[in-house]
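Remarks on the structure that follows.
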Amino acid sequence: TTPQEFEEMMKINYLGCVYCTKASIDYMLKQRYGRIVFVSSLAGQVGLFGYTSYCSTKFALKGLAEALQMELVKYNIYITIAYPADTDTPGTMEELNNKLRPAETQAIEQTAGLYTSDEVAEKIIKSTTNGSFSCSFGVMGYISTCVTSGVGPITRIFDALLQTLFIGIAKLIGMILLKYFYTDVRKRHRPTN
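Residues 606 to 798 in the numbering used here are what the sequence shown lists, from first letter to last.
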């Protein structure tokens with residue numbers, strides 16, 4: 606991946622969110638209420654083979670969301686950051702059908718599943734409406750959200766309790782999956798004699 610590709614990805618995935626937020630924030634500040642939704646990705650929680658530039662831009666959204674939430678809470682403005690796995694869109698289907706993704710990436714992504722755009726939209730709306738800071742998809746997504754939540758914002762007591770109860774087992778499952786992913790990548794790149 607060239608530095609220019611990194612820069613372009615950052616402009617689209619990160620700065621695009623910054624510009625949209627900046628364009629709408631004055632209205633929310635005036636009314637002293639608002640909701641901002643950032644769509645990251647499961648790849649914004651777990652670094653994936655073949656997605657170096659993509660992952661880094663989606664990870665950046667988490668930092669933006671956490672810092673912005675702290676700055677805007679006094680204005681009754683809340684953030685939701687969504688971490689969908691693969692979404693069944695024309696772009697995703699083209700990548701999958703034409704095998705544009707490396708085999709390692711495809712093997713890893715299969716563990717998280719494929720969601721329809723309606724499923725993703727419904728889940729994001731539900732999470733935003735109920736006041737959740739994080740919006741995850743499926744078991745793999747929930748595990749990743751628990752493990753990467755760190756000291757990020759908790760806007761619902763229910764979320765705090767679940768993360769506290771499941772973080773240990775989620776970390777263990779995450780480590781096992783990560784070990785499997787690394788083993789798979791190494792196997793595919795073993796020199797043949």
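Built from N, CA and C at the ideal position, the CB exists for glycine as well.
query	result
Inter-residue CB distance, Val790 and Phe643 (contact presumed, cutoff 8 Å)	That pair is no contact at about 29 Å.
Buried versus exposed, by CB contacts within 10 Å (16 or more), Gly668	exposed
Contained alpha helix (DSSP H) runs [length at least 4] in the region 644-723, N- to C-terminal order	657-677, 695-702 and 708-714
Proximal residues to Ser737 (C-beta, below 7 Å), its chain only, five neighbours per side dropped	Thr685, Thr760, Arg761 and Asp764
Contact check, Gly746 vs Ala717, beta carbons under 8 Å	yes
Residue interval of the beta strand (DSSP E) (run including Ser741)	Ser739 to Ser741
Burial state of Gln674 (16 or more Cβ within 10 Å)	buried
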